[in-house]
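Below is one structure, written out as structure tokens, with a few remarks after it.
Residue numbers (full-length UniProt numbering): 1 to 329.
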């Protein structure tokens, strides 16, 4: 049991540090470039809820949750209370993290209306499943304090909680693979090198790895449902192990959503295709471009061409090139 508690600390601390760095860099880049969007709000919210989830789990461990030996300062009731609340926060963090990944893809799929409709539908289905699961878990006992052994009341059957967990995990696995494979489809027709396509697909598709943690967590959740008492040492050990994978799942999803926004930093990495000290081809080749403009489509007034590009983005500048040819006689 002590080994599980030790691993629990290590995994959560690792993802807290990793996501603090990546989310911080993401928000800094988006704010400095004045391109802050809905996906950034979702990622920031997912990160905040994930930190709360980890904080409640840390508090549960401090009060002795999962400990085999009773030490001074341990409070089993408070430990169970913080652990139950943390599971609610996990469901919220998991939903917002997946939505943040979907919004990142939605932002990229500017020229793919079908993909955008699929993403909107997936976010709607995932939201319904997760909200229902949150309500079922929040009202599993009336009052909820009965779930951690305080007071008297009634609780939902264990099969209802287990079936809810299965539904959430199934939806999570499905959409993790969807969001992991969509970048390949989106980049297939983009005119960039194959190496660059592979790099970007790996970065955006890394979230599919989180479904492995979901599958492992589901396996432990099934084992917990077969244990006669959830208060037994065996059940607590299984719950702690399942929660380790829960933290890894949400942490990977947030990390994946943040990676996509760190694309401008790749120009500082020598081995990345198109990287350089100046503007990166990796950057420019993936930016949406406006329609082409033919000079003959614009009216030239007073013999001047300075207004030809007046409605184009500011970073485009008109230049004039003169060539002088002469020959000696």
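Backbone N, C-alpha and C define an ideal beta-carbon position, used for all residues, glycine too. Note that the structure is a prediction, hence the values are computed from the model and not measured.
Beta carbon of residue i nearer than 8 Å to that of residue j
| i | j | result |
| --- | --- | --- |
| residue 95 | residue 127 | yes |
| residue 103 | residue 185 | no |
| residue 210 | residue 258 | no |
| residue 46 | residue 93 | yes |
| residue 133 | residue 167 | yes |
| residue 241 | residue 4 | yes |
| residue 349 | residue 251 | Residue 349 cannot be examined here, being either before or after the span of the chain that is shown, 1 to 329. |
| residue 255 | residue 61 | no |
| residue 149 | residue 225 | no |
| residue 80 | residue 65 | yes |
| residue 402 | residue 248 | The chain is shown from 1 up to 329; residue 402 falls before or after that span and cannot be answered. |
| residue 125 | residue 171 | yes |
| residue 87 | residue 137 | yes |
| residue 235 | residue 97 | no |
| residue 114 | residue 182 | no |
| residue 262 | residue 29 | yes |
| residue 122 | residue 178 | yes |
| residue 130 | residue 91 | yes |
| residue 239 | residue 169 | no |
Local Cβ density within 10 Å of residue i, reported as buried at 16 or more and exposed below that
| i | result |
| --- | --- |
| residue 6 | exposed |
| residue 117 | exposed |
| residue 85 | buried |
| residue 72 | exposed |
| residue 142 | exposed |
| residue 31 | exposed |
| residue 221 | buried |
| residue 244 | buried |
| residue 101 | buried |
| residue 43 | buried |
| residue 83 | buried |
| residue 77 | exposed |
| residue 40 | buried |
| residue 180 | buried |
| residue 237 | buried |
| residue 139 | exposed |
| residue 147 | buried |
| residue 366 | The requested residue 366 does not occur in the structure, where the chain is confined to residues 1 to 329. |
| residue 260 | buried |
| residue 161 | buried |
| residue 99 | buried |
Three-way DSSP call (helix, strand, coil) for residue i in this model
| i | result |
| --- | --- |
| residue 152 | coil |
| residue 142 | strand |
| residue 94 | helix |
| residue 134 | helix |
| residue 63 | coil |
| residue 226 | coil |
| residue 164 | helix |
| residue 36 | coil |
| residue 72 | coil |
| residue 262 | coil |
| residue 110 | coil |
| residue 28 | helix |
| residue 9 | helix |
| residue 188 | coil |
| residue 157 | coil |
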